[in-house]
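For what it's worth, my numbering labels the leading residue of the sequence shown as 312, then goes sequentially.
For each residue, glycine too, the CB sits at the ideal point set by N, CA and C.
See below for the structure under consideration.
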Amino acid sequence: MGATAQLQPTTTDSAGNVLTGRTVTWSSNNGSVATVSGSGLVTGAGTGSATITATSEGQSGTSSLTVSTVPVASVTVSPTSLSLQTGQTGQLTATPRDANGNPLSGRVVTWSSSDTTIAKVSGSGLVTARAGGTATVTATSEGQSGTASVTVTFVPVASVTVSPASASLQVGQTTQLTATPKDASGNPLSGRVVTWASNNTTVATVSGSGLVSAKAAGSATITATSEGQNGTSSITVTQVPVATVTVSPASASVQVGLTVQLSATTKDANGNVLTGRVVTWSTSDATIATVSTSGLVTGVATGTALITATSEGKTGSAAIAVGTPPPPAGCAPTGSGVCRYVDAVAGNDGNPGDSAHPFKTVQQAANVVNPGDMVIVRNGVYTGDGNAVLSIQRGGTAGALVVFRSQNKWGAVLDGQNNLSADVLEIGTDHVRVEGFEMKGSNHYGVDPSTGTNDIQIAGNNIHDVGRYCESSGIGLSAIDAYSNNMIIEGNWVHDIGRFAAGENGCQPGNDYWMNHDHGVYNGQGTNIIIRNNVFYNITRGWAIQRYGSSVDQLYIVNNTFAFPNPNRDGQIILAATTTNLFIENNIFYLPGQNVGISGTQSGSIIDHNLSTGAVGGGGTGTNIENTDPLFVNPSTLDFRLQAGSPAIRRPFRFGRAWPDVRPASVSGVPQVCRPLPRAAPLSRRRRAERFRISLPGSRLRPANRGLRGAIRHAS
C-alpha cells in the first residue's frame, strides 16, 4: 500500500504484428485499492485486489494486481534521550519503517512511560518531567517499538516573583497578577504549581489563576506560593467616588399626616450606579415636612419643603408640597357640620379630632359633636367606662343629624366586655344615626335610646352576643330597644342574643331566670317605627321582635329575614300590646312553625306578601306564601340569597315586583343604607310601596351551631 508499479501496453494487429503510436487509455475497477495514471503508473491505495484495463481503438487488455500493507519492521524514536528539569517538557518523534528502512507514513503510534511519576508522555509524544529520576519512553506501532531515555533533574523553587508588585484599584475593578517561580540562579522554572491567597478578602479577593477583584476600600496583600516559596503584591483599593446623587421622585405631593417614600441613587462620573454608599437625609423645613433616615417623608403642615439626600459630599433633592387632606370618602357632614375622627391606636383624646389628629375614644367625639357633624371611627376595639361603651347625649336637628360611622364596615368594634350593667350604645338625645359598627359583649342592652327620643337611625351594624347574667333582673333585655319616635332600624345583622347554654353564669333550667327574655328588637312605645332589611337569627331566649308596653302607631316590619329562632319559643314576632297601622310585609320566615302572634287590641294590621316555611299566622289582612321553602342558597352558612327557582322570585309580591335575589343586609363594605337619611315621617299606605323598596348586597357570616330548630310563631 503506497507503492507504485509501471505497466506497459502493447498494441498488435490481427496478425499479431506490433502497432506503434496508438493511443491507450487506462482505468481501474477499484480505485480504493489501486489507481492508475494516464501513462499506466499504478499506485496502491488500500489493501485488496483490482483490475487495471488498457484500451486502444475499442480493444482492451487487463492486468490483475493485489495490494497489501508493507509491515512495520522497526520504530525509530528521536531524540533517543532527553534531559529535563522538573516541570519542563520535551517533544519526542516516532518513525515507523519497513524492512528496508524506508519510512512508513500513516501508521498508528502509541506512547508509554516506564515511570509516570518521573515522566509522563502524551499521545503525541510530549514528555513532561514530574520528578527527579530516569524513565524510558516507548513508541509502539504494529507490534514494533522504539525507545528514548528521559532523565529528569529536580531543581527546587528558590523564589517566586509576582508581577506587578503593587496595584491600585477602585471598588469593582480587577487586575491580573502573574507568578514566576525561579531557581537559585534566578532562572524561571516552568510547570510549577502556584497557589494564591489574600490576607484581607473584605478588601480584595484572588482567584486560582491570580485574578484580583477589588471589594472594598482598604489594603490587601496577595501572596503566590510555590514549593514553600512566596512572592507578594500589595493591592490598594479605593472607592469609586460619588459624582451625582439623584432623588426619586424629584417632586411629590403629600397630605398632612401622610407619608411618601423617596429613594436616592448614587452614580460615578460615567453614570454607573454605585451601591452600598451612605446616604443622609435632611429637610429644609421640619415644620412643613420631616424625613427619616430611610427617606420616608411625613407631611406636618401645609407648605413646601426641600428634601435633600447627601452622599460623599454630593447632593440631590426633591420638592415636597404638603397639603391639607380632603375629607375621605364616606365623610359627608351636613350644613355647617364637620368631620371628626377617632382612632383607637393612633389617636389621643387631647387631639382636635381631625383626620391627621384623631381622638382615641368614640366617647370623646360624642362629647363635642354638633348638629351636622359626622364622626368617622377607624378600625379598632373601643370599650367604655362601665356605664356604656358609647353614650351619645349631644344630638342634631331635623335637617342635620349627628352621624357616627365605622370607617370600614364592622371594622370599629364597640365591646361591652360582658359588663353586667353597661349598655353598648346609649342614646339620650334626638336626630342621631349610628352605622356600620360591630356591637357585642353586653349583659344589658345593645342599643338603648332613651324613651321619647326622636329620629334615631340604627343602620348596617352587626349586633351580637347580648345576653344576661342570671343574677340580673327579670326584665327582658334586647339587642335594640325601640322607644323612640320616627326610628329607623335597617340593614343590621342581629344574632346570638340571650344566654346560650345551660350552666352559663349560673343559669339552669327551672331556676328563676332561666326563661328570661332577651330579644332582638324590643318595641315598647313610639310612633312611626320602621324595621327593614335586617337579618335576625339565633335569638336564643326571646323573639326577634317583641312588641309590648304602651300603644304604638305606625309600626313597619318589612323586607327582613328571620331564621333559626328561639328553640324554647314558637315565634319570631310577638305582638302583645295595642298597635295601630301595623304592617308586616315582604319578610321571609325560615324554619317551620307559625311566625306572627297577636294579642291585645290591634287596628289596621296588614300582614301581607310574606313567605314562610311554616304558617305566617297573626291575623291581619293580606295574602302570604306559607309552608314553602324560600330556597336560600345555603342557609346553614347564612347565605340567604335566593336560588333561581325560589318561589319568592317566581311570584310577584305586593309592590308589583318579585323579591330581589339578594339578602337584605350586607357585611362586605358599608352598604347603601349607611348614609344619612332624612328624618322618618309617617307614611300613607299609598307611599309604602316606594319607601320599602330596599335591597342590599349580600354576604356571609359563620353560622352559630345552635338554635337551628323549632317553629316561628307567637308564644304568650
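Note: Trp507 is bridge-paired with Ala535 in the DSSP secondary-structure output. Between Ile884 and the set Leu585, Thr451, Asn834, the nearest pair of CA atoms involves Asn834. Secondary structure of Ala959 (DSSP, three-state): helix.
Contact between Met685 and Arg705 fails: their C-beta atoms lie close to 13 Å from each other, not under 8 Å. Considered as a whole, the segment 541-615 harbours 555-559, 562-566, 570-572, 574-578, 591-594, 600-602, 607-610 as its complete beta strand (DSSP E) runs of no fewer than 3 residues, in chain order. Take the alpha-carbon of Ser509 and the one of Leu522: they are about 11 Å apart. Here the segment 553-573 does not lie against the segment 498-509, with fewer than 3 beta-carbon pairs under 8 Å apart. In the DSSP secondary-structure assignment, Gln768 is bridged to Arg744, Ile799.
Rounded to the nearest whole angstrom, the CA to CA distance from Val700 to Ala955 is 43 Å.
Sorting Val832, Ile599, Val777 by C-alpha distance to the C-alpha of Tyr794 places Val832 at the top. By alpha-carbon distance to Ser753, the top candidate from Val745, Asp734, Thr555 is Asp734. For Gln674, the enclosing alpha helix (DSSP H) begins and ends at 673-679. Here the C-alpha atom of Val589 lies approximately 57 Å from the C-alpha atom of Thr428. Annotation: Ile842 to Ile800 spans about 5 Å, alpha carbon to alpha carbon. Setting aside the 5 residues that flank it on each side, Gly658 is surrounded in the same chain by Pro669, Phe670, Lys671, each with a C-beta closer than 6 Å to its C-beta; the list follows chain order. Secondary structure of Thr334 (DSSP, three-state): coil. Check the Cα spacing between Gln728 and each of Lys751, Asn897, Glu746: the tightest is with Lys751. As computed with DSSP, Arg651 is found in a beta bridge with Val686.
The continuous stretches of beta strand (DSSP E) do not include His668, and DSSP gives it neither H nor E.
With distances taken between CA atoms, Trp337 lies nearest to Thr364 out of Asn796, Ser343, Thr364, Gly519.
The DSSP-derived three-state label of Thr323 is strand. Non-local C-beta neighbours of Ser424 in its own chain, meaning closer than 7 Å and more than five positions away in sequence, comprise Ala430, Lys431, Val432, Ala446, Val448, ordered along the chain. Nearest to Ser477 by C-alpha distance, out of Gly542, Gln768, Pro941, Glu623, is Gly542. Inter-residue distance for Val602 and Thr577 is about 19 Å (C-alpha atoms, whole angstroms).
Distance from Val548 to Val517 at the Cβ level is roughly 13 Å; contact not present, criterion being Cβ atoms closer than 8 Å.
Taking a 10 Å sphere around the C-beta of Glu368, we find fewer than 16 other C-beta atoms and assign the residue as exposed. In this structure, Ala676 and Arg651 form a Cβ contact; the two beta carbons are roughly 5 Å apart against a cut-off of 8 Å. With fewer than 16 neighbouring CB atoms inside 10 Å of its own CB, Arg333 falls in the exposed class.
In terms of Cα proximity to Gly606, the closest of Thr613, Ala620, Thr615 is Ala620. Nearest to Ile618 by C-alpha distance, out of Thr557, Ala580, Gln857, Asp940, is Thr557.
Shortest Cα-Cα distance from Ala314 to any of Gly641, Thr472, Pro414, Thr872 involves Pro414. Excluding five sequence positions before and after Thr694, the CB atoms of its chain that fall closer than 7 Å to its own CB belong to Val700, Asp726, Gln728, given in chain order. For Gln396, the uninterrupted beta strand (DSSP E) run begins and ends at 392-396, by DSSP. Closest in C-alpha terms to Val584, from the list Val553, Thr594, Ala405, comes Val553. Excluding residues up to 5 positions away in sequence, Asn681, Pro682, Gly683, Asp684, Met685, Ala711 lie with their Cβ nearer than 7 Å to the Cβ of Gly648 in the same chain. According to the DSSP assignment, Trp854 belongs to no beta strand (DSSP E), since it is labelled neither H nor E.
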